[in-house]
Each structure stands twice: as C-alpha cells, then as structure tokens.
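First residue of the sequence shown: 15, per our numbering; consecutive thereafter.
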Amino acid sequence: MNNLIGLSALARREIKRFLSISGDTLVTPLISSLLYLFIFGYSIGKLVPSFSGISYMEFIIPGIIMMSVIQSSYTNTSFSIFISKWAGNIADLLTAPLSYMEIVIAITIGGVARGLLVAAGVYLVSAFFAGFLMYSFLHTFVFLVLITIVFSLAGIVVAIVSDDFEHLTVFNAFILTPLVFMGGVFHPVSILPPLFQKITMFNPLFYMVSGFRYGLTGVAETSVLSSFLVLVAFIVVLFATVVTMFKRGYKLRT
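#1: Hey, out of S98, F226, V184 and V175, whose CA is closest to G197's CA?
#2: Spell out the partners DSSP gives I68 in its beta bridges.
#3: How close, in whole Å, do the beta carbons of V83 and V132 come, if the pair is a contact with beta carbons under 8 Å?
#4: Buried or exposed: which applies to R267, given that a residue is buried once 16 or more other Cβ atoms fall within 10 Å of its Cβ?
#5: For L158 and L130, I'd like the C-alpha separation in whole angstroms.
#6: Would you call the CB atoms of T6 and G124 closer than 9 Å?
#7: So, with DSSP's three-state summary, where would you put T223?
#8: Quick one: grab the DSSP three-state call for L11.
#9: In three-state terms, what does DSSP make of P218?
#10: Please confirm if the segment 151-168 is in contact with the segment 32-47, defined as three or more CB-CB distances below 8 Å between the two stretches.
#11: Can the beta-carbon of A144 be found less than 9 Å from the beta-carbon of S69?
#12: Among F52, P202, E180 and T183, which one has its Cα closest to the Cα of E286?
#13: What residue from I205, L219 and F151 has the CA that sits closest to F165's CA?
Right, dumping it as structure tokens:
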C-alpha cells in the first residue's frame, strides 16, 4: 500500500455514506435487537433454565449483537458495490489512483465501522436487560472486528456476482439467515440431537458466535482458538477472492 491518503479518503466516503442515512443504517438495527431482547430474552427467557452459570438473557445477548453486526457489515459493502455497478460509476472506482488491494481495504473499513457502531448501540440497549456484560474486552473486541471484516468482504463478493437486487437478498435469506439461526444464537448447541450437533460443527457462524460470547460472558461452546482460526481463515480466503475479482474485473467492467 503506497497511497494512504487515497485509501483514507475512500474509507471516509464509505463511512459518510452510511452516516448520512443513520436512521436506516444505525437506528433500525437497534429497534430490531430491542424486540429480540424483549420477546426472546425477557418474555421467553423466564421459562428457560440457565446455561453454564449464565441466564438465558445473558446467553442470547452476544448472539443478538452478532446478528445485527453481521447484517450491518454485509449490507454496507454489498449495497455500496452493487449501487456503483447499477449506477454505472464503478469505473470511476476502478480507475482511481489506488491499488485493488487498497480499494478493497477502504470499502471493508466502511463495513467494519458500521458494524462496530451498531454493536456499540445494541450493547448499550442490552445493558437495560442484563447489565454491562464483559468478561474480556480484548477477546470481545478482537472477535467483533474479525467478524465485521468477514462479512464486509462477503458483502463485496455477493455484490460483484449479483446481477440484480434480488440476488443480494437471496444470499441473505437462503444462506446467511439459516446459518445465523442454526449457529447457536438462541440456543445452546448441546441441547440439539447428536446429528444436528455434528452438522453445526460445519457452520462457521457457530464458531463466530461462540468466540464472541466468550468475550462477553466467559462461556464458549467450542475452543476459542478454533473460533479465532476459523475467522482468520475466512478473512484470508475472502480477501484474496475479492482482490482477484477486482484485478480481473469480474462482472465489474462492461
């Protein structure tokens, strides 16, 4: 990277873009999370026993934060790239005095920033239900940043391969949402039948949620190191994929 000024300028543009519509990008996730916390954590949680020494409310808060973070990071980058393709100004981005790696990093920073802001907002909202959960700030922050990077990069990939807006929602509805709900957000994986427990081990979101939950509560359903390595592996693969797509101009150049 030899153009930090250009990289930071593009990153600021991405951040200003979602801040300009903060009602949609920041407030909406808070309202959705509040509903999840009230319905699942407060209402249903009264009927659910504790798990590994923490209440059901404390168990689901990390998962609900992750849901909002994943959606926000993914949506930010996917819409940014797709709208540029749709409006026909993606060429301006490709011809900017930036390397493809710098372009990818700058766009990813926008998704990470939005994810972190949403995470902070949902965390503050959750404090009204279970106080300020924090077992290890370092673990929490590291996993949070890594998860936002993963789904910011995933958003870029999906936006590049998508030919219309419906394709963006297909990934969200048929791949991302099922993985989230089957990743241990609302239930301990240990209560599932043995077959489904084994299937869950192949769900990358299970490792992400478990690692982040450890940071907030000290409770994890799998090795924290395994969760970390899964995230790093996804980042390496997705970053290499996105940079390669930009270099080849795959579905970017007409």
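Yeah, the Cβ is synthetic: ideal placement off N, Cα and C, and Gly gets one too.
Reading off the structure:
#1: On the sequence shown, residue 197 is found 183 positions in, with the first residue counted as 1. Minimum Cα distance to G197 is reached at F226.
#2: The residue you call residue 68 lines up with position 54 of the sequence shown. I68 is bridged by DSSP to F65.
#3: Sequence index remark: in the sequence shown, residue 83 carries index 69 (1-based). Sequence index remark: in the sequence shown, residue 132 carries index 118 (1-based). A Cβ-Cβ separation of about 6 Å places V83 in contact with V132 under the 8 Å criterion.
#4: Here residue 267 refers to the residue found at position 253 of the sequence shown. Exposed.
#5: On the sequence shown, position 144 is the one that residue 158 refers to. On the sequence shown, position 116 is the one that residue 130 refers to. Near 7 Å, if we compare the C-alpha coordinates of L130 and L158.
#6: Lying before the first or after the last residue shown, residue 6 is absent from the chain, which here runs from 15 to 268.
#7: Residue mapping note: residue 223 aligns to position 209 of the sequence shown, counting from 1. Per the sequence shown, the amino acid found at residue 223 is Val instead of Thr. Here V223 sits in helix by DSSP.
#8: With the chain covering only 15 through 268, there is no way to say anything about residue 11.
#9: For the purposes of this step, residue 218 is taken as residue 204 along the sequence shown, with counting starting at 1. P218: helix per DSSP, three-state reduction.
#10: no
#11: Counting from one through the sequence shown, the residue named residue 144 turns up at place 130. Counting from one through the sequence shown, the residue named residue 69 turns up at place 55. Yes, Cβ-Cβ distance for A144 and S69 is below 9 Å.
#12: Only positions 15 to 268 of the chain appear in this structure, which leaves residue 286 out of reach.
#13: The residue given as residue 165 occupies position 151 in the sequence shown. L219 is the residue among I205, L219 and F151 whose C-alpha sits nearest the C-alpha of F165.
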